[in-house]
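All residue numbers for the sequence shown refer to our numbering, where the first residue is 1017 and numbers rise by one.
Note that beta-carbon positions come from the ideal geometry of N, C-alpha and C, so glycine has one too.
Notes to accompany the following structure.
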Amino acid sequence: MLYPVYVHKDEDTAYGLTFPDFEGCFSAADEMQDIQRMAQEAVELHFDGEDLKLPKPSSPEQWLGDERFQDGFWLLIDIGTSKISPYQCQYVRVFGQTY
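What follows is the structure, encoded as structure tokens:
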């Protein structure tokens, strides 16, 4: 599904990614060609183990004029939703304990 991602970059920073449809989900990419991969990874991690419903994609036009999204640009990123499940929590074994 195509989700809007707001991209901002200063001269000495990575590309910052903000996902208005996924509150609290952010990422960064050092190179423009890494944006797709980093966006997918960020969204997967955002939903991992959380009881969150995957929202329908919004339109970038919906966010025009929002002061949080200034001095950057919008991309529509194809997020592979088949890899997103609220209960894909991975268990980690540390010192004999499973978390």
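Contact under 9 Å by Cβ, residue i with residue j
i, j, result
"residue 1066", "residue 1043", "no"
"residue 1021", "residue 1091", "yes"
Per-residue DSSP class, three states only, for residue i
i, result
"residue 1055", "helix"
"residue 1089", "strand"
"residue 1020", "strand"
"residue 1071", "coil"
DSSP beta-bridge partners of residue i
i, result
"residue 1029", "The partner list for residue 1029 (beta bridge, DSSP) is empty, contrary to what the question assumes."
"residue 1098", "Bridge partners of residue 1098: none, in fact."
"residue 1042", "1034"
Chain-order list of residues whose beta-carbon lies under 8 Å from that of residue i (same chain, five-residue window excluded)
i, result
"residue 1052", "1093, 1094"
message = Count Cβ pairs between the stretch 1048–1056 and the stretch 1073–1088 that sit closer than 8 Å; are there 3 or more?
response = no
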